[in-house]
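Peer 1: A single structure is presented below for examination.
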Amino acid sequence: MAIYRLFTTIYPLVCKELSLILRGAYRKVPKNLQSLIFQDTLTAFRLLPEMKTRSAVSAAHLLLQSVEATLPKQKKNLAVTEYKNAMIAHKRRAKARQEENAFKYKLINSYHCISAWISGNNSSKKLKSSRGYCRYCKTIVWLDNMKCFDDHIGLNPEIQKIDPVSPSQLLNGVV
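Each residue of the sequence shown is one higher than the one before, starting from 5 at the first, in the numbering used here.
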């Protein structure tokens with residue numbers, strides 16, 4: 005990972021140096037050295053899709069401008085084609101990374117929602133519904149201040165107690 009970070013910081017510098025060499029010295033050097041410079045230029049364009057920074061893209065664009073200004077027609081066409089292919093690949097990878105990050109973001113949001121829902125289910129306040137179980141009537145009734153609508157006169161207050169019923173208990177009672 006450290007090598008990759010180093011490489012991504014060096015890439016713009018290399019492109020700028022190649023650009024300067026192309027503009028300043030390409031026509032003055034021997035053919036074998038011109039060939040090496042051209043191969044390095046193509047390699048720089050081929051490495052562009054691996055780069056994640058905007059500075060790398062702008063440096064590659066600067067290199068392209070130098071290529072268009074200095075190289076002969078056949079080599080220029082080859083380099084421009086290589087640059088265009090590299091930019092297409094770079095944009096596709098950037099879009100894939102963006103979609104991957106968006107998917108991760110959605111996953112994290114879903115995880116937080118689910119964990120909040122699960123932790124909410126453990127809360128007694130969240131578990132309560134607006135219904136309860138009357139021990140005397142032995143039925144599920146609507147809660148009204150924890151009292152049954154039917155009057156249970158003369159009964160022990162313990163028996164008159166209404167127990168809150170959770171939505172899952174209510175569902176189990178219906179099923």
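All residues carry an ideal CB built from backbone N, CA and C; glycine is no exception.
Where does R139 sit, in a helix, a strand or coil, going by DSSP?
Peer 2: Coil, per DSSP.
Peer 1: Measuring straight from C-alpha to C-alpha, what distance separates T12 and S59?
Peer 2: So the two alpha carbons sit approximately 9 Å from each other.
Peer 1: Inspect the beta-carbon positions of A63 and V71 and report whether they are closer than 7 Å.
Peer 2: Not in contact: A63 and V71 (Cβ atoms no closer than 7 Å).
Peer 1: Who are the Cβ neighbours of A93 in its own chain at under 7 Å, not counting the five residues just before and after it?
Peer 2: Here the set comprises P53.
Peer 1: What does the alpha-carbon distance come out to for the pair Q78 and I14?
Peer 2: Going from the Cα of Q78 to the Cα of I14 covers about 29 Å.
Peer 1: Compare the beta carbon distance of Y137 and V169 with 7 Å and say whether it is the shorter of the two.
Peer 2: For Y137 and V169, yes; Cβs fall inside 7 Å.
Peer 1: Around the Cβ of P76, are there at least 16 other Cβ atoms within 10 angstroms (buried) or fewer (exposed)?
Peer 2: Result: exposed.
Peer 1: Nearest-angstrom Cα distance between N81 and L68?
Peer 2: The straight-line gap from Cα to Cα measures roughly 11 Å.
Peer 1: DSSP state of P76, grouped into three classes?
Peer 2: If DSSP states are grouped into helix, strand and coil, P76 belongs with coil.
Peer 1: Check the C-beta distance from F49 over to E86 and give it rounded, since I have them as a contact under 8 Å.
Peer 2: Between E86 and F49 the Cβ distance is about 4 Å, and since that is below 8 Å, they are a contact.
Peer 1: Are S23 and L51 close, meaning C-beta to C-beta below 7 Å?
Peer 2: No, the Cβ-Cβ distance between S23 and L51 is not below 7 Å.
Peer 1: Name the residue from L40, V61, V18 whose alpha carbon lies nearest to the alpha carbon of L90.
Peer 2: Reading the sequence as shown, one finds Ala at residue 90 and not Leu. Ranking L40, V61, V18 by Cα distance to A90 puts V61 first.
Peer 1: Can you say whether P16 is buried or exposed, counting buried as having 16 or more other CB atoms within 10 angstroms of its CB?
Peer 2: By the neighbour-count rule (16 or more Cβ atoms within 10 Å), P16 is buried.
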